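The structure under discussion appears below in the form of C-alpha cells.
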Amino acid sequence: MYILGLNAYHGDSSACIFKDNKLVAAIEEERIRRIKHWAGFPSESIKFCLGECDISIQDVDHITISRDPSANIYKKITHSIKHAVSLKVLKDRFKNTRKVNSVKQELSNVFSINEAEIKAEVHNIEHHRSHMASAFFASPFEDSAILSIDGFGDFTSTMIGIGRDKKIEVLDSVVYPHSVGVFYTAFTQYLGFEHYGDEYKVMGLSPYGKPTLVEKIKDVLIFKSNGLFEINKKYFKHPKEGVSMSWENGDPFIESIFSDYMVEVFGKARLKDEEITQFHKDLASSIQKVTEELIFHILNHLQRGAGMKNICIAGGVAQNSVANGKILDNTSFDKMYIPPAGHDAGTAIGSALWLYNHIQGNDRIEPMQHSFFGSQFSDGEIEDFLKSENIEYKRYSDKELNDKVSDCLINAGVVGWFQGRAEFGPRALGHRSILADPTRDDAKEILNLKIKRREVFRPFAPSILKEYVAEYFEKVDEVPFMEKVFQIKESKRELLSAVTHVDGSGRLQTVDKDIESKYYGLINAFFQKSGVPILLNTSFNENEPIVNTPAEAYACFARTKMDMIVMGNIVVER
0 MYILGLNAYH GDSSACIFKD NKLVAAIEEE RIRRIKHWAG FPSESIKFCL GECDISIQDV
60 DHITISRDPS ANIYKKITHS IKHAVSLKVL KDRFKNTRKV NSVKQELSNV FSINEAEIKA
120 EVHNIEHHRS HMASAFFASP FEDSAILSID GFGDFTSTMI GIGRDKKIEV LDSVVYPHSV
180 GVFYTAFTQY LGFEHYGDEY KVMGLSPYGK PTLVEKIKDV LIFKSNGLFE INKKYFKHPK
240 EGVSMSWENG DPFIESIFSD YMVEVFGKAR LKDEEITQFH KDLASSIQKV TEELIFHILN
300 HLQRGAGMKN ICIAGGVAQN SVANGKILDN TSFDKMYIPP AGHDAGTAIG SALWLYNHIQ
360 GNDRIEPMQH SFFGSQFSDG EIEDFLKSEN IEYKRYSDKE LNDKVSDCLI NAGVVGWFQG
420 RAEFGPRALG HRSILADPTR DDAKEILNLK IKRREVFRPF APSILKEYVA EYFEKVDEVP
480 FMEKVFQIKE SKRELLSAVT HVDGSGRLQT VDKDIESKYY GLINAFFQKS GVPILLNTSF
540 NENEPIVNTP AEAYACFART KMDMIVMGNI VVER
C-alpha cells in the first residue's frame, strides 16, 4: 500500500511517501525549486517521491493533505461576518480552499493524465491533527501527551491531546484570532525582520538583551487559567482585517500584522536597515521569555490533566530550540520527542500517519531516529557531473577521506560536506552541512566573511559525539535533530568559542555512530587530532535553500570562499 502525504498551498510545501509501514522518501519543495519556504502545490516533491518508489501516480492507494477546509467552518463564517473581514481576504481564502479541494485535478495536470486514472482516495486531515501525528506516531512512546503549536492552520493555532498506541484524542484547542505563533511573528516584523520564517532571528537576538519588558509583553499575550491563552486583539490587525498572504511564484509573504496600537505602546517599529539598539535586544529577550513561560504554562496544565510523563511537540513554535531545551526542567514531564520536521513541512508525514494509524488502525512505524529521506547521489553520479564541467577532483577511501578533511578543518579550513540522503526538515545534520573547527575564535567571522553573510548575532551549532555530551554540556540528553539548546559547561566555553552563544548556550546535535556512521567517523577523526569531539555545523547554503544536488553544492563552493567540498568520497579543493 502506498500513501502519498502532502503539505500543499501553505508555506514549506512538501511531500512524502510511505510503502506499507516504511517512510521511503520525504522532501520539501523549496529544495528543488530553490525558493525558501516555497508555497503552493508540491509537484516536484511528488515526482521525486514517486521516483524513489519507482511507481506512477496511478499506483498510489491513498493521498493525504494536511488541510481540511471543513474544519471550524462555522467559526470561520461567524468570525468573517462579525468582523466584516475584507473582500480581498475572503477571496484569497476561497481560492485557497478551492485548490485544497482539487488535488486530483492538480495531479492530472501535473502528470498529463485523466483525473479518472488516479485511483487514490484523497483524505483531508486537519492541520494540527497532522502536526500531532507527525510527532506522536513517529515517537518511541506508547502513550504521550501531545502539543501542536504554531501560527494558524485550519483556523486553529494550538491543539492539545493525548496519544495512546494507534489513536490520538484531542482535548482542547485555541482558535483564530488567538495565536502565539502570530504573536511572535508580529514582534518579528516589528523588530525589522520582514521575511517569512524570520522568527529564529528574534530567538538568536534575545540573549543579547535582558527581559525588562516582560510585564508589557504580558498585556499582549494573556495566560488563561485553563492552561491556554489569548492575545490582546488591540495589538494586531488580523482579528478585524484578516491576514493577507501572497504566494507569488511560490515565495510566501505575509503583510505586517501588528497594529498602530503596538507602535503607540512600544514606540516606532525598527526598519530592516536600522541599527539594532539595546531596546530591540531587550524586547527580543522579553518576547522569548514570555513565549517560554507560555509553553511551560500550557504543558504543566496538560500534564496535570493527562497524567502522562511523556510529551510530543510539533508546530512552528516547536522550532524554538531555546524553549525546547528548558521544557523538561520547567514541567513535570520526564521525556520529550520533537520530530526532525516539526514545522509545516512535517505535516505531510503527519497527515499520512494520521491515516495509517488513527484511521486505518495499522501498527506503529519504527520510531523516527533520523531525518535522511531526501535526494541522494552515488559517487559515480557525482563524478559524471564533475567530469562534464571539467572540474578536477580526487577520490579517497573512508580512512583517507577522514584524515584529509580533519587536517583541513584543524588548519582553519571551511568544508562543504555533501553526503548520502538529504535531511528532511530545516536543519543540516551532517548530510548537507558546512563544517569548521569549533575552537577557533575567528571561525564565526571566517564563515560569515567567506560564505554565510548573515547577522553577527546568530550562533553556529556544535555537532558532538553523543558519548561526550556530559563532558561539555550541563544537561545530558540525546538531541539528534538539533532541536534543543543547552548550556555549555562554563569550563568549556572559551575552548568552544565558535559555537558558544553570548549566553553560554549551544544548539547541539548529538551524533550516534549506529545511526550516522560517516559523519561520526569524521568528527572522531577530528577528535583524535584535536582532543575535541565536536565540529561546528551549519547548513550548506548561502542565503538560499539548503543545497540539494552536486551541481548546487559545487555552485555554492565556487561562488564563496570555501576551502574544500566533499561529495561522497570525492574531494574538490581550491
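Per numbering that gives the first Met the number 0, the sequence shown runs over residues 0 to 573. Beta carbons: idealized from backbone N, C-alpha and C, even for Gly. On a predicted model such as this, the values are computed, not experimentally measured, just so you know.
Nearest neighbour of residue i, chosen from the options [CA to CA]
i, options, result
"A601", "N389, G341, M335 and F192", "Limits of the chain in this structure are 0 at one end and 573 at the other, which puts residue 601 out of reach."
"H500", "S243, G208 and I72", "G208"
"D153", "D164, P139 and H130", "H130"
"G304", "S331, I16, A340 and K236", "S331"
"W246", "Q277, H9, Y260 and A524", "H9"
"Q418", "K280, S320 and F376", "F376"
"V173", "E198, M261 and G226", "G226"
"S490", "V475, L327, S504 and Y471", "Y471"
"K288", "D362, P210, L204 and F371", "P210"
"R32", "G50, V23 and S12", "S12"
"K443", "I326, E120, S496 and K403", "S496"
"K517", "P68, G429, E120 and N329", "G429"
"G50", "L3, T63, H61 and S69", "L3"
"P479", "G180, S396 and A427", "A427"
"H127", "K103, A344, V571 and M261", "A344"
"V201", "S320, V510, I294 and I54", "S320"
"E43", "Y1, I72 and N108", "N108"
Contact check, residue i vs residue j, beta carbons under 7 Å
i, j, result
"I463", "L507", "yes"
"G249", "I34", "yes"
"H237", "I256", "yes"
"G424", "A317", "no"
"A134", "I161", "no"
"G610", "R457", "Given that the chain is displayed from residue 0 to residue 573, the structure contains no residue 610 and the question cannot be resolved."
"L170", "H279", "no"
"H177", "E229", "yes"
"F459", "L535", "yes"
"H300", "F222", "no"
"L354", "T537", "no"
For residue i, the first and last residue of its enclosing alpha helix (DSSP H)
i, result
"A554", "P549 to R558"
"M202", "E198 to L204"
"P461", "Counting along the chain, P461 falls outside any alpha helix (DSSP H), though it belongs to the beta strand (DSSP E) covering A460 to L464."
"F278", "Q277 to A305"
"H237", "H237 to E240"
"L327", "I326 to N329"
"F384", "D378 to S387"
"G520", "S516 to S529"
"R32", "E28 to R32"
"V414", "Here V414 belongs to no alpha helix (DSSP H); instead the beta strand (DSSP E) covers V414 to F417."
"Q508", "Unbroken run through Q508 is the beta strand (DSSP E), Q508 to V510; no alpha helix (DSSP H)."
"R492", "E489 to R492"
"E263", "D259 to F265"
"Y619", "Given that the chain is displayed from residue 0 to residue 573, the structure contains no residue 619 and the question cannot be resolved."
"E477", "E477 -> no alpha helix (DSSP H), and no H or E assigned at all."
"A322", "S320 to N323"
Residue i CB to nearest heavy atom of the ligand ADP below 6 Å
i, result
"S285", "The ligand content of the structure shown is nil, which means the ligand ADP is not present either."
Same chain only: Cβ atoms within 7 Å of residue i, ignoring 5 sequence neighbours per side
i, result
"E540", "Reading off the sequence, residue 540 comes out as Asn, not Glu. V546 and C555."
"G324", "K483, V484 and F485"
"V413", "I433, A435, I445, L446, K449, I450, M561 and D562"
"I381", "P549, M566, G567 and I569"
"T559", "K449, I450 and E541"
"H357", "A132, K165, K166 and I167"
"Q368", "P479 and I514"
"D67", "N123, I124, E125 and D153"
Extent of the continuous beta strand (DSSP E) run through residue i
i, result
"K18", "S13 to K18"
"V577", "Residue 577 lies beyond the stretch modelled for the chain, which goes from 0 to 573, so this question has no answer here."
"I64", "H61 to I64"
"G4", "Y1 to N6"
"A313", "N309 to A313"
"S432", "R431 to A435"
Proximal residues to residue i (C-beta, below 6 Å), its chain only, five neighbours per side dropped
i, result
"F110", "I56"
"G373", "I26, R420, A421 and F423"
"W416", "S432, L434 and V565"
"S285", "P210, L212, V213 and I216"
"S405", "A524, F525 and K528"
"V23", "I16, E51 and C52"
"W37", "S12, E28, E29 and G249"
"I148", "T157, G314 and V316"
"I159", "L146, L170, D171 and L301"
Contacting residues, own chain, Cβ-Cβ under 8 Å from residue i (five flanking each side not counted)
i, result
"I409", "D436, F525, K528 and S529"
"M335", "N309, I310, C311, I312, N323, I326 and L327"
"Q277", "G208"
Which whole runs of the alpha helix (DSSP H) in the region 136–194 are 4 residues long or more, in chain order?
-> Fully enclosed alpha helix (DSSP H) runs of 4 or longer: 179–189.
Output the residue ranges of the alpha helix (DSSP H) runs that lie fully inside the region 332–358 and measure 4 residues or longer, sorted by chain position.
-> Every alpha helix (DSSP H) stretch that sits fully inside the region 332–358 and reaches 4 residues is listed by chain position as 346–352.
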